[in-house]
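The sequence shown begins at 195 in the working numbering and counts up by one. For glycine and all other residues, C-beta sits at the position ideal for the given N, C-alpha and C. Everything numeric in this text was worked out from a predicted model, so none of it was measured.
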Amino acid sequence: MGSPEDEQLIEEVLSGDTEAFGLIVRKYEKAIFNLMYRTTGSTDESADLSQEVFLKAYDKLETYTPRKKKFYSWLYTVALNVARDHLRRQRKNPEQSDNGLEACLDYGVNAFSIGNPERVVEVQSMVVAMSTLSISHREALILRYREGYSIREIAGTLGISVSGAKMRIHRGLEEIRLFFKRIKDEEAQGLFEIRSR
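What follows is the structure, encoded as structure tokens:
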């Protein structure tokens, strides 16, 4: 169920009040921008994709059903679809995708690590680990641990079963655990080689 305020604004938009949609944009623009930034790592691309999300949401607003899910979950689903499309386009054009990870690493350094070099390494390692995940596992982990969604909300947002949501989270966490285990094993192997010289 959507919030009464959201439902009222949506009714106004559907009645032709475009200013009401501006209120919706202002309410959710930061959250959508943050999702796009975590997807692209680029401020400019994130702004463009956020705009695309709101344009698509405006065009599809009449398909929103308040009884089925909260408006923010519906909007987040639109945003996830835009993010998926963007990632697919990037895979087809790989020279564009290099900047995203670098910008994401820079974001991690600037946002979390002033005066804390250990935090820089932690944030950068997690960004790299997340970038190795499939889109479906990454989405589930972001919704669960960044956005604080319940398993049921994740299932509804991604259009999958509750057990499917649990499985994606479990597999994503397992992939991250294996990623860090490989790093630890490689570091141990490197130390062994240095000591045996």
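In whole angstroms, what separates the C-alpha of residue i from that of residue j?
i	j	result
Lys262	Arg376	42 Å
Glu213	Ser330	35 Å
Leu367	Met320	11 Å
Phe374	Phe215	44 Å
Ala323	Thr351	23 Å
Ala336	Ala241	It should be noted that the sequence gives Ile, not Ala, for residue 336. Going from the Cα of Ile336 to the Cα of Ala241 covers about 19 Å.
Ser328	Gly342	20 Å
Quick one: residues in its chain with C-beta nearer than 6 Å to the C-beta of residue i, no 5 flanking neighbours on either side, listed in chain order?
i	result
Asp279	none
Can you round the beta-carbon distance between residue i and residue j to whole angstroms, since I take them to be within the 8 Å contact cut?
i	j	result
Glu333	Leu274	6 Å
Val363	Arg338	In the sequence as presented, Val is not what sits at residue 363; that position holds Ile. Going by Cβ atoms, the distance from Ile363 to Arg338 rounds to 5 Å, so yes, they are a contact pair.
Leu281	Thr233	7 Å
Ile164	Phe265	Not covered by the structure: residue 164. The range shown for the chain is 195 to 391.
Apart from the five residues just before and just after residue i, which ones in its own chain have a Cβ nearer than 8 Å to its Cβ?
i	result
Val272	Val247, Lys250, Ala251 and Lys254
Leu208	Leu255 and Glu256
Gly353	Thr271
Return the chain-ordered list of same chain residues with a C-beta closer than 7 Å to the C-beta of residue i, the five sequence neighbours on each side being excluded.
i	result
Ser244	Glu223, Ile226, Phe227 and Met230
Query raised in the report: Can you list the alpha helix (DSSP H) stretches of 4 or more residues lying completely in the segment 209 to 242, in chain order?
Result: As far as the segment 209 to 242 is concerned, its whole alpha helix (DSSP H) runs of at least 4 residues are 212 to 234.
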